[in-house]
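Trainee: Numbers in the working numbering are just positions in the sequence shown, counted from 1, shifted up by 1298. Yeah, the Cβ is synthetic: ideal placement off N, Cα and C, and Gly gets one too. Take a look at the following structure, please.
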Amino acid sequence: MAASPSTARAINDRFALRLLQDEGPLTATQLKTLTGLSRPTVADLVERLRGSGLVHVVGESGAERRGPNAKLYGLVADRAHLAALDVRTRSVSVTVTDLLGATLAEASVPVGDDSDTGPAVEKAVTLLERTVREAGADRLHTVAVGAPGLIDPATGELRDSSGLPAWHRRLVGVLQDRL
């Protein structure tokens, strides 16, 4: 069964965004070559992504040839911000990045393994909120939590798989509530 036009557009947009993230700024001709799409489809795709604020003109290419220079399109790096929490037995680290993966701010805080659940979770969430402010981000698009354990899909709690302190269990739920 063939994809609907809207599904095909979404797939093409996602593919082009991934290319711009991986390769850096590209011309429409380079996008055409790398995606295998037709020139009109790439032109529509670029306009759609520019209209959504995900892509913008970052320069020109082709100064060494005759004729008009080709526009270079790149991701709008600050269109969204992402955070990663590295939750360890005795510490929490936070890194905030832009869409291109550039680190905007990072911080760590020790958390004792004997800490009571409430204060320890509050310390981790406060660290995240402070680091987001330091990064200059208004809000986060995505927060990823890395911890030596598994998240129980039924409860949203972090399950103990390596002797984690009790405070780890509530972290995901509190993050969901606060963000």
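(1) To the nearest angstrom, report how far apart Leu-1373 and Val-1409 are at their CA atoms.
(2) Do you know how far the Cα of Glu-1432 is from the Cα of Ser-1350?
(3) Please classify Ala-1301: does DSSP put it in a helix, a strand, or coil?
(4) Give me the residue from Arg-1316, Val-1441, Ala-1400 with the minimum Cα distance to Asp-1384.
(5) Taking the C-alpha atoms as reference points, what is the distance between Ile-1449 and Pro-1338?
(6) Report yes if the C-beta distance between Ala-1422 and Val-1390 is below 9 angstroms; otherwise report no.
(7) Can you say whether Ala-1301 is buried or exposed, counting buried as having 16 or more other CB atoms within 10 angstroms of its CB?
(8) Name the two residues that bound the continuous alpha helix (DSSP H) containing Asp-1376.
(9) Nearest-angstrom Cα distance between Arg-1312 and Ser-1406?
(10) Tell me whether Val-1409 sits in a helix, a strand or coil according to DSSP, three-state version.
(11) Just verifying my parser: in three-state terms, what is the DSSP assignment at Leu-1317?
(12) Identify the residues that DSSP records as bridge partners of Asp-1384: which are they?
(13) So the candidates are Leu-1317, Gly-1360, Glu-1420, Val-1443; which of them puts its Cα closest to the Cα of Arg-1386?
(14) Can you tell me where the alpha helix (DSSP H) with Gly-1349 in it begins and where it stops?
(15) So is Asn-1310 buried or exposed if we call it buried at 16+ other beta carbons inside 10 Å?
Mentor: According to the data block:
(1) Here the question's residue 1373 lines up with position 75 in the sequence shown. Here the question's residue 1409 lines up with position 111 in the sequence shown. The alpha-carbon atoms of Leu-1373 and Val-1409 are separated by roughly 37 angstroms.
(2) For the purposes of this step, residue 1350 is taken as residue 52 along the sequence shown, with counting starting at 1. For the purposes of this step, residue 1432 is taken as residue 134 along the sequence shown, with counting starting at 1. Ser-1350 and Glu-1432: Cα-Cα distance of roughly 26 angstroms.
(3) Translated into positions along the sequence shown, residue 1301 becomes position 3. Here Ala-1301 sits in coil by DSSP.
(4) Taking the first residue of the sequence shown as position 1, residue 1384 is located at position 86. Comparing Cα-Cα distances from Asp-1384 to each of Arg-1316, Val-1441, Ala-1400, the minimum goes to Val-1441.
(5) Within the sequence shown, the letter at position 151 stands for residue 1449. Within the sequence shown, the letter at position 40 stands for residue 1338. Computed Cα separation, rounded: 45 angstroms.
(6) For this step, residue 1422 is matched to residue 124 along the sequence shown. For this step, residue 1390 is matched to residue 92 along the sequence shown. Yes, these two residues count as a Cβ contact at 9 angstroms.
(7) Locating residue 1301 in the sequence shown gives position 3, where the first residue counts as 1. Exposed is the call here.
(8) Along the sequence shown, read from residue 1 onward, the residue named residue 1376 stands at position 78. Neither: Asp-1376 is in no alpha helix (DSSP H) and is coded neither H nor E.
(9) On the sequence shown, residue 1312 is found 14 positions in, with the first residue counted as 1. On the sequence shown, residue 1406 is found 108 positions in, with the first residue counted as 1. Going by the C-alpha atoms only, they are around 33 angstroms apart.
(10) In the sequence shown, counting from the first residue as 1, residue 1409 sits at position 111. In the three-state reduction of the DSSP assignment, Val-1409 falls in the coil class.
(11) Taking the first residue of the sequence shown as position 1, residue 1317 is located at position 19. Leu-1317 falls in the helix class under three-state DSSP.
(12) Within the sequence shown, residue 1384 is the residue found at index 86, counting from 1. DSSP lists Ser-1391, Gly-1444 as partners of Asp-1384.
(13) As a first step, residue 1386 must be located in the sequence shown, where it is residue number 88. It is Val-1443 whose Cα lies nearest to the Cα of Arg-1386.
(14) Here residue 1349 corresponds to residue number 51 of the sequence shown, with the count starting at 1. Gly-1349 -> alpha helix (DSSP H) spans 1337-1349.
(15) Reading the sequence shown from its first residue, position 12 is the one you call residue 1310. Looking at its Cβ environment, which holds 16 or more other Cβ atoms inside 10 Å, Asn-1310 is buried.
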